[in-house]
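A.B. asks: First residue of the sequence shown? That's 52 in the working numbering, and the numbers climb one at a time after it.
Right, I'll just put the structure down here and ask away after.
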Amino acid sequence: MTKRHANYVGGSWPEPADWIENRSPSDESDLIGLYAQASPADLDAALDAAVKAQRVWANTGLEKRYAVLMAIGQELDQRAQELGTLLSREEGKPLAEGIGEVRRSGQFFTYFAAEVLRQLGECADSVRDGIEIDIRREPLGVVAVISPWNFPMATASWKIAPALAFGNAVVWKPANLTPASAWALTEIVSRQDIPKGLFNLVMGSGAIVGQKLIEDPRVNGITFTGSLAVGKQVAEAAARNLCKLQLEMGSKNPLVVMDDADIDLAASLAANGAFGGSGQKCTASSRIIVDSRVYEGFVDRFIRATKAIRVGHALDPETQMGPVVSKSQLSENLGYMQLAHSEGAEVAYGGEAMKRSPAGYYMSPGVLLNTRNDMRVNREEMFAPIACVLKADGYEHALEIANDSQFGLTAGIVTRSLARASHFRRNSRSGCVMINLPTAGTDYHVPFGGRGASSYGPREQGRYAAEFYTIVKTSYMHAGRPE
Ligand code: NAD
52 MTKRHANYVG
62 GSWPEPADWI
72 ENRSPSDESD
82 LIGLYAQASP
92 ADLDAALDAA
102 VKAQRVWANT
112 GLEKRYAVLM
122 AIGQELDQRA
132 QELGTLLSRE
142 EGKPLAEGIG
152 EVRRSGQFFT
162 YFAAEVLRQL
172 GECADSVRDG
182 IEIDIRREPL
192 GVVAVISPWN
202 FPMATASWKI
212 APALAFGNAV
222 VWKPANLTPA
232 SAWALTEIVS
242 RQDIPKGLFN
252 LVMGSGAIVG
262 QKLIEDPRVN
272 GITFTGSLAV
282 GKQVAEAAAR
292 NLCKLQLEMG
302 SKNPLVVMDD
312 ADIDLAASLA
322 ANGAFGGSGQ
332 KCTASSRIIV
342 DSRVYEGFVD
352 RFIRATKAIR
362 VGHALDPETQ
372 MGPVVSKSQL
382 SENLGYMQLA
392 HSEGAEVAYG
402 GEAMKRSPAG
412 YYMSPGVLLN
422 TRNDMRVNRE
432 EMFAPIACVL
442 KADGYEHALE
452 IANDSQFGLT
462 AGIVTRSLAR
472 ASHFRRNSRS
482 GCVMINLPTA
492 GTDYHVPFGG
502 RGASSYGPRE
512 QGRYAAEFYT
522 IVKTSYMHAG
532 RPE
């Protein structure tokens, strides 16, 4: 019988009324399991329990909190092969990337375990005589975590780990396309010695469970990663309750290839950045901006590198690019290929549905040439293995195109010129800059986030995470004179 997975609410696993099937995008016939859909009563119970548990957790000693986070991180690391297989099976990324994501998720917990012990405040003398000031951070309270399917464990971990480290309770609404990774992480958290209700999993649709969660006044902070359209809805709901907010959304990341670049390196960075994870990364290189002096040579190598990518089942060790996540994502992607054609782009390679046995949601990586930056394929996030190549007349022009986007998450340049690299680092309108590196691929101990429509609110990760998950309290003390 297919295994059923319940939500985790107030420290128990309530029997649900409703379930969804979770199937592998690599093989439609592969049923991974049935996953509960939270009812309004489940959500209500989760929030009530979270409010109570948070008060206990905020007063729990630092070493205890450290031990809990460390244990979660270590278990994720030890079980990376098993859980990475599950993650790849449900999301479709190649196995090595699935295992890497679980390891990375563990690193978020071990990193923030250590941050538990590094919470130091500040003190100051008052401008008034005899008064001292103490400035320290306190937990925010109940944090709603809303995560996407493309990094089903890592995005959630970089939110849950700091939330718990800084003394908050969590109500987590993962994406309905990838509940297995969420459930597996929840099962690990459920075995820790934490107050009942401190951590809750409410699986379900965004429009129903997600919307109710973001509207609830018991939520003190919402941390969201997902699309721009939904991010705006979250912002509206948060504004109505004056709720603290952090949004990480889409992008349209440029990779600039200069005439002085190592062209072989540039082609391999572009292919890696555009097609890694089937292009379903917020940091994917979706606009490849190439200096006209090396355009032909680059395009030749880039198409060769793209053709060499082996597309297949996520769990096949030979696979370099898995399927896309769902049937509707595949048809949206193919729709973008048609749009590109009608906008006047040249389809140089791929972008077509691929038949595989067993059947899944496969497509070949697509390369579009002769694209202009005002085309919709260069303005909208496609979240697809489709790269648009643009021609630029020199460095200034390339920088101008790179910055001409509503988004601004990551931006890369391939150059041997220190002057250009340094100028690009300073003048790129993005949150993260990559020099001679793919636009995707970031560390876990430093801030992550973007500009414009890519991000809103405080940065995530590293020491900067404290800004969102805590509130600053300033206390004045007049002790008087000793007797
Ligand atoms: P999505 O916006 O469709 O959904 C994200 C989450 O929000 C899901 O859990 C979904 O169920 C929930 N949701 C949907 N409607 C909601 C509502 N009305 N109220 C509350 N929650 C709601 O995004 P997705 O398709 O899951 O993920 C892909 C998107 O995520 C892409 O745009 C990608 O760029 C973005 N992303 C960004 C980052 C980043 O750090 N900037 C990282 C990964 C993914």
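Cβ atoms here follow ideal geometry from the backbone N, Cα and C, with glycine treated the same way.
Predicted, not measured: the structure shown is a model, and the values here were computed from it.
#1: What residue range is occupied by the uninterrupted beta strand (DSSP E) comprising Phe-275?
#2: Return the CA-CA distance between Leu-171 and Ser-382, expressed in angstroms with no decimal places.
#3: Just verifying my parser: in three-state terms, what is the DSSP assignment at Glu-394?
#4: Within 10 angstroms of its Cβ, does Leu-137 collect 16 or more other Cβ (buried), or is it exposed?
#5: Enumerate in chain order the residues of its own chain whose CB-to-CB distance from Tyr-507 is below 6 Å, with the five nearest sequence positions on each side excluded.
#6: With distances taken from CA atoms, which of Pro-213, Asp-444 and Val-193 is nearest Ala-104?
#7: With DSSP as the reference, label Ser-177 as helix, strand or coil.
#8: Select from Ala-175, Gln-380 and Asn-227 the residue whose C-alpha is nearest the C-alpha of Asp-69.
#9: Compute the Euclidean distance between the alpha carbons of Ala-321 and Phe-353, then round it to the nearest angstrom.
#10: May I ask whether a heavy atom of the ligand NAD can be found less than 7 Å away from the beta carbon of Ala-491?
#11: Out of curiosity, what's the CA-to-CA distance linking Ala-410 and Lys-263?
#12: Short of 6 Å in beta carbon distance, which residues of its chain neighbour Gly-328, apart from the five on each side in sequence? Order them along the chain.
#13: Give the secondary structure of Gln-262 by DSSP, where H, G and I count as helix, E and B as strand, and everything else as coil.
#14: On the three-state DSSP scale, how would you describe Pro-305?
#15: Answer with buried or exposed for Cys-174, where buried requires no fewer than 16 other C-beta atoms within 10 angstroms of its C-beta.
#16: Under the criterion of a Cβ to heavy atom distance below 7 Å, does Gly-519 qualify as lining the ligand NAD?
#17: DSSP three-state label for Gln-121, please.
#18: Taking 8 Å as the cut-off, decide whether the C-beta atoms of Trp-234 and Leu-215 are in contact.
#19: What three-state label does DSSP hand Asn-73 in the structure shown?
#20: Figure out for me which residue from Asn-429, Pro-533 and Met-433 has the closest Cα to the Cα of Ala-453.
#21: Under the three-state reduction of DSSP, which class applies to Glu-126: helix, strand or coil?
#22: Could you check what DSSP says for Ser-319 in three-state terms: helix, strand or coil?
#23: In terms of residue numbering, what span does the beta strand (DSSP E) encompassing Ile-360 cover?
#24: Give me the Cα-Cα distance between Val-523 and Asn-219, rounded to the nearest whole angstrom.
#25: Between the C-alpha atoms of Pro-268 and Glu-142, what's the straight-line distance to the nearest angstrom?
#26: Round the Cβ separation of Gly-500 and Gly-482 to the nearest angstrom and send it over; I've been treating them as touching at under 8 Å.
#27: Flag this pair as yes or no: are the beta carbons of Val-375 and Tyr-412 separated by less than 8 Å?
#28: In the DSSP output, which residue or residues are listed as bridge partners for Met-414?
#29: As a quick exercise: from Gly-248, Asp-315, Val-167 and Gln-129, pick the residue whose alpha carbon is nearest that of Pro-65.
#30: In terms of residue numbering, what span does the beta strand (DSSP E) encompassing Pro-190 cover?
#31: Might you give, ordered along the chain, the residues of its own chain that have their beta carbon closer than 6 Å to the beta carbon of Arg-467, omitting 5 neighbours on each side?
#32: Val-418 to Thr-229, Cα distance in whole Å?
C.D. replies: A quick look at the data gives this:
#1: Annotation: the continuous beta strand (DSSP E) that includes Phe-275 extends over 272-276.
#2: If you take the alpha carbons of Leu-171 and Ser-382, they lie about 51 Å apart.
#3: Helix, per DSSP.
#4: It is buried - the Cβ of Leu-137 has at least 16 other Cβ atoms within 10 Å.
#5: Excluding positions up to five away in sequence, the list reads Leu-298.
#6: When only C-alpha atoms are compared, the closest one is Val-193.
#7: When DSSP states are grouped into helix, strand and coil, Ser-177 belongs to the coil group.
#8: Across the set Ala-175, Gln-380 and Asn-227, the C-alpha of Asn-227 shows the shortest separation from the C-alpha of Asp-69.
#9: Straight-line Cα distance between these residues: approximately 7 Å.
#10: Checking every heavy atom of the ligand NAD against the Cβ of Ala-491, none is found closer than 7 Å.
#11: Straight-line measurement puts the Cα of Lys-263 at about 36 Å from the Cα of Ala-410.
#12: Only Lys-144 meet the Cβ criterion.
#13: Gln-262 sits in a helix when the DSSP states are folded into three classes.
#14: Reduced to three states, the DSSP call for Pro-305 is strand.
#15: Counting C-beta atoms within 10 angstroms of its own C-beta, Cys-174 has fewer than 16 neighbours from the protein chains shown and is therefore classed as exposed.
#16: Residue identity differs from the one stated: residue 519 is Phe in this sequence, not Gly. Because no heavy atom of the ligand NAD lies under 7 Å away, the Cβ of Phe-519 does not count as near it: no.
#17: Correcting the residue type first, residue 121 is Met in the shown sequence and not Gln. Looking at Met-121 - three-state DSSP - the assignment turns out to be helix.
#18: Not closer than 8 Å, so no.
#19: Note: Asn-73 maps to strand in three-state DSSP.
#20: Comparing Cα-Cα distances from Ala-453 to each of Asn-429, Pro-533 and Met-433, the minimum goes to Asn-429.
#21: Looking at Glu-126 - three-state DSSP - the assignment turns out to be helix.
#22: Under the three-state reduction of DSSP, Ser-319 is assigned to helix.
#23: Ile-360 -> no beta strand (DSSP E), and no H or E assigned at all.
#24: Within the model, the alpha-carbon separation for Val-523 versus Asn-219 is close to 14 Å.
#25: The alpha-carbon atoms of Pro-268 and Glu-142 are separated by roughly 33 Å.
#26: Right, the Cβ-Cβ distance comes to about 5 Å (below 8 Å), so this counts as a contact.
#27: In contact: Val-375 and Tyr-412 (Cβ atoms closer than 8 Å).
#28: Beta-bridge pairing links Met-414 to Ala-404.
#29: Considering only Gly-248, Asp-315, Val-167 and Gln-129, the residue with the shortest C-alpha distance to Pro-65 is Gly-248.
#30: Looking at the DSSP string, the run of the beta strand (DSSP E) that includes Pro-190 is 182-190.
#31: Counting only Cβ-Cβ distances below 6 Å, and skipping sequence neighbours, we find Asp-311.
#32: Val-418 and Thr-229 have their C-alpha atoms roughly 28 Å apart.
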